[in-house]
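Read through the structure below, which is laid out as structure tokens, and then see the notes.
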Amino acid sequence: MSRLLYSCTMSLDGFIAGPGGDMSWLTSHLGPNPTVDRLIPRIGALLVGNRTFGGDDPHRGTEREGKAFGGGWEGPQFVLTNRPPERPIPGVTFVTDLRQAVDGAKAAAGEKYVNVLGARTARGCVEAGLLDEILVFVAPVLLGDGVRLFEHPGGTNVRLERMDVAQTPQATSLWFRVVR
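For the record, in the sequence shown the residue sitting at position 97 is 96 according to numbering that gives the first Met the number 0, with numbers rising by one throughout.
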């Protein structure tokens, strides 16, 4: 059965995007990463928040712009949004309900991961008890402001169990299982 994995790169001070969703900070931290290389073939579908889907791209201005994992992955994408576009986009399914989006992405992923992209979407999956794992690449940079990895006004306590830790010159990866 497919599992939901929230993966992203985060600054040391806890931001996955800069102010206004700026992703340009990430460009200098992209590079060879064995953890990413092992993960990509294990992803069967993406579950993406609308802000992430239509947002800034660290590959802006290159041939890799607009492609999942900079073109390293292709497959079905499910975008969670309140306003689906009028025109369909090949390979992308727009869904207005989180559970329907998760169910569709899991069905499409088969035995592989559904990779969750976007802080709000990941938070919704946590709150609904649907998220299984979290993979964070901690980049050696402080952003000071932006979109947090996980933010829950009023607080919450989500217990995690460490599965793996690895290091490259660009980032340290921390892989956790969500404890239920």
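For glycine and all other residues, C-beta sits at the position ideal for the given N, C-alpha and C.
DSSP-derived helix/strand/coil call for residue i
i      : result
Arg37  : helix
Leu46  : strand
Leu11  : coil
Leu25  : helix
Gly186 : Outside the displayed span of the chain (0 to 179) sits residue 186, for which this structure offers no information.
Gly153 : coil
Gly30  : coil
Span of the alpha helix (DSSP H) around residue i
i     : result
Gln99 : 97 to 108
Phe52 : 49 to 52
Boundaries (first-last residue) of the beta strand (DSSP E) holding residue i
i      : result
Arg126 : In the sequence as presented, Arg is not what sits at residue 126; that position holds Glu. Premise fails: Glu126 lies in the alpha helix (DSSP H), 118 to 126, not in any beta strand (DSSP E).
Sheet register partners of residue i (DSSP bridge)
i      : result
Leu3   : Val113
Ala170 : The partner list for Ala170 (beta bridge, DSSP) is empty, contrary to what the question assumes.
Asp163 : Trp174
Thr92  : Phe77
Phe136 : Thr8, Ser172
Arg147 : Phe14
Chain-order list of residues whose beta-carbon lies under 6 Å from that of residue i (same chain, five-residue window excluded)
i      : result
Ser1   : Lys105, Ala108, Val113
Ile133 : Tyr5, Phe175
Cys7   : Ile15
Asn156 : none
Ala180 : The chain is shown only over 0 to 179; residue 180 falls outside these bounds and no answer can be derived.
Contact belief for residue i with residue j at Cβ below 8 Å, rounded distance in angstroms
i      : j      : result
Leu11  : Leu141 : 6 Å
Phe77  : Gly103 : 5 Å
Met9   : Phe136 : 7 Å
Asp144 : Pro18  : 5 Å
Thr171 : Asn32  : Actually they are not in contact, since the Cβ atoms of Thr171 and Asn32 sit about 11 Å apart, beyond 8 Å.
Leu79  : Thr26  : Rounded, the Cβ-Cβ distance is 26 Å, inconsistent with contact.
Same chain, Cβ closer than 7 Å to residue i, neighbours up to 5 away in sequence not counted
i      : result
Gly123 : Leu97
Glu160 : Phe175, Arg176, Val178
Ile88  : none
Gly117 : Val47, Gly48, Arg50, Thr51
Close beta carbons around residue i, own chain, < 8 Å, minus the five adjacent residues each side
i     : result
Asn81 : Asn49, Thr95
Gly13 : Arg147, Leu148
Gly90 : Glu73, Gly74, Pro75, Gln76
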